[in-house]
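Note sheet for the following structure.
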Amino acid sequence: MIFTEARFFVFFFTILAVYWGLRGDRSRKAWLLLASYAFYAAWRWEFLSLILTSTVVDWIAGARLQRATSARARKGWLALSLGVNLTLLGFFKYFGWFVDSGVEFLNWLGLGASAPVLSIVLPVGISFYTFQTLSYTIDIYRRELEPTDSRLDFALFVAFFPQLVAGPIVRAVEFLPQLGESKRMAAIRWRPLLLLFLFGYVKKACLSDNLSVVIDPVFADPLAYDRLANATASVLYHLQIYCDFSGYSDMAIATAGMLGYTLPLNFDFPYLAANMAQFWRRWHVSLSTWFRDYVYLPLGGSRVTTERYVRNVLITFVVSGLWHGAQWTFVLWGFLHALGLLGVWGWGKLLGTGPLRRAVGHVAWIPTTLFVVLTWIVFRAVDFDRLLAMWGVLGGWQAAGSASLATGWWGIVAGFYLVHTAMARGFVQRLLGRLSEPAFALVLGILVALVLPFASSGYQPFLYFQF
Amino acid sequence: MRVALLILLFLTGLLGTSWAIRCLRAEPVEHGRRLKYEYLVEHADEYSVVLIGSSRVNHSLIPAIIEERLAARGHVHRVFNYGIGGMRSFEADEVFDKVLDLDMPELAVVVMEWPDWDGIPYGDEGAATERSVEWHTARRTLAVLVSLARADMPWPAAVRHALQHLRLALSRSVNFGAGSSWLQRRLGTVDFGDLPEVVLRDGFAATGEMRARSPEVEARRVAKTEQLLARKHFLDLGNALPVDLARYNRAALARQAAAAEARGVLLVWAVMPGEAYTPQAWRLAEESAELPLLLFNSPTRYPELYRSDTRWDPDHLNSKGARLFSTLFGDALAALLDRP
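Chains C and F are the protein sequences, given in the same order.
Residues in the first sequence are numbered from 1015 upward in steps of one, following our numbering.
Residues in the second sequence are numbered from 91 upward in steps of one, following our numbering.
Dropping the structure here:
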C-alpha cells in the first residue's frame, strides 16, 4: 500500500475518522499502533516479526541501559541492541551482496569459488526503522534520553505508519515526547497539511511515476540512445529521484500532522543548493543528520587534523552510500559525494572569505547541479558497465546509438525549476495562505481536479522503499 | 456545520472542474477508437448502416460486400465498420450511444455484436486505460454492477470485479490519469501510431493486417484453431443449453432498443461466428421470433464458416472467411430489412 493508491486513501480516512472519534490518548495510540501494523502487513505480514523483534529488543535494552550501573553492563546492553538490529539489517540487506562480492573476489584471484544462490527478500523500510530504533538505545547510552516507561509509546515510535517504510527517520528524542502530549483535533492546522499532501502527491504521482516510463529504457541500454537522450534521461532522473522521495516525505509529514504528530523536515529545496555542503544540509536531512550525529561526530567530526577530517568524511559518506543499497555503485556514489564535499571545503579554503568567494557563490549552483546530476547516474545505474556506458556517451568517448527522446521533456525540467524556485521563496504558499477558509476549500477542490488527470495510472513503488 | 460547508465547497470545486475537463476530453485513443470516431464524424452524412463490435466485427464484415448484397435486394446503403479490437458489451454500448448522438442524417440501421453484459473486466479493460475508463458512466457502472450481481460466479470474484468497475468509474469522474497522454502528445514525447487509410475507409481491417506476432504465438493460433474445428459440434450443443434468462441483463438490452427506436433507427444484434456459445441469445431468439437477432455461431447452420480454409483463429475469420461471411451477413440483414 503506497500513499498514492486509492486503497491508501480509504485506509487513511478510516484511520483518521476512528482516531479522532476515539476518546482518550491511550486508545488513540493503541488504534494507531494497530493501524501501523496493518499498514506494514499489507506488504508482507511475515516481516512484522522483524519490527516486533526490534521493538522488544530495544525496549529491553533501553530499560536495562538506564538501570545498569557499570560501564561494562551499559556497553553490553548497547552491543545487544546494535548487534541484533545490525545483524537483521545485514542479513536481509547485505548478506547476498557480501557472498557475491566474496565469490567474485576469489574468482578474480583465480581461486574458483561458487556459492549457492540465496534469494533474500528485502523487508520494506528495514533501513529506516532500524536506524530509528538505534537512535533510541544510543541516545540512552549517551544519557541524552530517558527511556520511556510506556510499551505502547515505544511500539508506536518504532512502527508509526506514516514514516515507517521510507522515513523521515525520526529520533526517539523528537518523537517520544509527542506521544506523551494530549492531542486535540482543533489544534491541527489542516490547510498547510492538505497542501503539503497535495504537493507530495503531485511530485510522486504526476512527475516521478510518469518520468520513470521514459527514463528506465535509457538507463537499461544507454548505448542504444543518442547523446541528447542520455543527457535528457540523466536530468529527468535527477527530477524523478527528488520528486519521488521528497514527495513521499511530504505526504508522510502531512499524514502524521493530521494525526497530531510532527515529523522533521526531510527536504529543503536541495536543487537550489549552491554547493555540496549546502546540498547535504537540504537533501534527506533526517538521514544526513543521523549519520552526522552517530557516525561522523563520534569519529571526530571536523575539529581534527586535515587527514582525519578527510578520513571522517570519506567513511561517513561511503557508509551512507552503502545504507542506500547493497551494491558497489552506491559505495561509489557515496565516495564521489565525499570527494565533492571535500572539494568544496578545499576550494573554500583557497578562495578565502573575500569578494572572490562571493562572486563564485553566485554561479556555483551550476557546477553543483551538474555534479549532482552526474552522480545520480551512479546511483541509478544497475551495474558499472551501464554506468560507464552512459558516462561514455555523455562524455563523447563512447559511440552513441540512434534512439532519441523528445526534446519536449526539457520543458518539464524548466517548469520544475520554475515551480521549485517559487515554492522555495514561498510564493505559492503565500498566495494560497491569503484565501479565506471557504475560498481555500473551493480552490483545493479545483487544484485536486487539475492534478488528478496528470497522475500516472500505474502505481509505481517509491524508489526509497528499496532502501 | 462549518466543516460540512467546507467539504461541500471542496467537492464543488473538484467535481465542477472535473466535469469541465471531461467536456474537453477527446475519444480514447487505443485501438484506433479515436481515428474511427473522427472519421465517422467527418463522414456522418455518408453512412446509413453502422456495425459496432469487437475485432470479430472489425475483421469479418466487409462493408463493400454487405452493400452489394443489400443492393441486390433493393436496399441501398453505405456501411461503416465500427469494429474495435477488444471492445465488449459495455464499451460497445458507449460507442452505440455516441453513434446515435452524431445525428447521422441517413442512419437507418445499427448492428451490434451480441452483448453478453457479463461485466468481467477482460484484458486491458481492468486497467485504467482511456477506453476502459471512458465507458464507466454512472448508468453503465450501475448496469455492470447489476450484471455482476446476477452472474453465476463466486461472490468474492464478483466483489473484486465490482470494485474494479467502481475504481474505473471514480477515475472517470475525476479524469484520473487522462491528462498524461494528452500532455505527452503535445510535448511530442510519445507516438500513438496511426491507422492506415485502407483500414479507415469504411472501417474494415482484414485479419492479415493484424500486427505481426512471434512464431510461438502463431503456432498457438494454428493449434487453437485446429482444436476449435475438431470440437466444433460442442458449439451447437452449448447453444442448445438451457439457461436462466433472469440472470441475463435484459434491461440493458431493452435500453439499447429503446434508444434506437427513439431515433428511428433499426437496431439489429448479431452473434459473430466465433468460438463462444451463446445460449442466452438462442433462447431469446426462440422466445421471440420478432427479435432482430442474427445468429452465426453455429457450425451446423454455417459449416462454411467453421472450416480451416476460412478461419484465421478460433475467434476470427481469414480474408476468404470474411468475404463468405459478409455475403451471408448481407443476405440475412437484407431479409430483416424486407420485413414489413
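Where a beta carbon is used, it is the ideal one built from N, C-alpha and C, also for glycine.
- Any Cβ of chain C closer than 8 angstroms to the Cβ of Val264 of chain F would place that residue at the interface, and such an atom is present.
- The beta carbons of Trp109 of chain F and Trp204 of chain F sit about 34 angstroms from each other, so the pair does not count as a contact at 8 angstroms.
- Contact annotation for Ser222 of chain F against chain C: no contact, minimum CB-CB distance about 10 angstroms [criterion: below 9 angstroms].
- Think of a sphere of 8 angstroms around the beta carbon of Arg168 of chain F: no beta carbon from chain C falls inside it, the nearest being about 37 angstroms out.
- Taking 3 residues as the shortest admissible run, the region 169-245 of chain F contains the following complete beta strand (DSSP E) segments, listed from N- to C-terminal end: 169-173 and 199-203.
- Burial check for Ala1469 of chain C: the Cβ neighbour count within 10 Å reaches 16 or more, so the residue is buried.
- The closest CA to that of Ala1455 of chain C, considering only C:Ser1068, C:Leu1208 and C:Val1228, is found on C:Leu1208.
- Annotation for Val139 of chain F: the continuous beta strand (DSSP E) segment containing it runs Val139 to Gly143.
- From the beta-carbon of Leu96 of chain F, the residues of chain C found nearer than 7 angstroms are Glu1451, Pro1452 and Ala1455.
- In the three-state DSSP reduction, His406 of chain F falls in the strand class (E or B).
- Residue contact check for Gly176 of chain F against chain C: no CB pair falls below 8 angstroms.
- The beta-carbon separation of Val189 of chain F and Ile142 of chain F, rounded to 7 angstroms, stays under the 8 angstroms limit for a contact.
- In this model, Asp1399 of chain C and Ile1255 of chain C are separated by some 21 angstroms (Cα to Cα).
- Contacts between Ser1470 of chain C and chain F, judged by CB atoms closer than 8 angstroms, involve Gly267 and Ser270 in chain order.
- For Leu104 of chain F, the chain C residues whose C-beta falls within less than 7 angstroms of its own C-beta are Gly1459, Val1462 and Ala1463, listed in chain order.
- The three-state reading of DSSP puts Leu95 of chain F in helix, counting H, G and I together.
- Between Ser145 of chain F and Arg178 of chain F, the C-beta gap is not smaller than 8 angstroms, which leaves the two residues out of contact.
- Taking 8 angstroms as the threshold, the shortest C-beta distance from Ala1020 of chain C to chain F falls below it.
- Between Arg1241 of chain C and Ala1414 of chain C, the C-beta gap is smaller than 8 angstroms, which places the two residues in contact.
- Judged by their CB atoms, Thr1382 of chain C and Ala1287 of chain C are nearer to each other than the 8 angstroms cut-off.
- A distance of 8 angstroms or more separates the beta carbons of Gly411 of chain F and Leu423 of chain F.
- The shortest CA-to-CA distance from Leu160 of chain F to any of F:Glu380, F:Asp208 and F:Ser138 is the one to F:Ser138.
- The beta carbon of Thr107 of chain F sits closer than 8 angstroms to some beta carbon of chain C.
- Each of C:Leu1311, C:Leu1190 and C:Phe1171 was checked against the Cα of Glu1160 of chain C, and the nearest Cα belongs to C:Leu1190.
- At a beta-carbon threshold of 7 angstroms, the residues of chain F lying near Leu1466 of chain C are Val264, Asn265 and Phe266, ordered along the chain.
- Counting only runs of at least 4 residues, the region 372-420 of chain F fully encloses no alpha helix (DSSP H) element at all.
- When the five nearest sequence neighbours on each side are left out, the beta carbons in the same chain lying within less than 7 angstroms of the beta carbon of Tyr367 of chain F are those of Leu325, Gly328, Asn329 and Asn387, in order along the chain.
- Per DSSP, the continuous beta strand (DSSP E) segment holding Ala360 of chain F begins and ends at Leu356 to Val361.
- The three-state secondary structure of Tyr1239 of chain C, taken from DSSP, is strand.
- Three or more beta-carbon pairs drawn from the region 1183-1199 of chain C and the region 1039-1046 of chain C are found closer than 8 angstroms, and the two stretches are therefore classed as touching.
- Bounds of any alpha helix (DSSP H) do not take in His133 of chain F, whose DSSP letter is neither H nor E.
- A distance below 8 angstroms separates the beta carbons of Gly1354 of chain C and Phe1385 of chain C.
- Counting along the chain, Gly1348 of chain C sits inside the alpha helix (DSSP H) bounded by residues Trp1342 to Leu1365.
- Ala1180 of chain C sits in coil when the DSSP states are folded into three classes, being neither helix nor strand.
- By the Cβ neighbour-count rule, Pro1369 of chain C is exposed, with fewer than 16 other Cβ atoms within 10 Å of its own.
- Chain C places a beta carbon closer than 8 angstroms to that of Arg257 of chain F, counting this residue as a contact.
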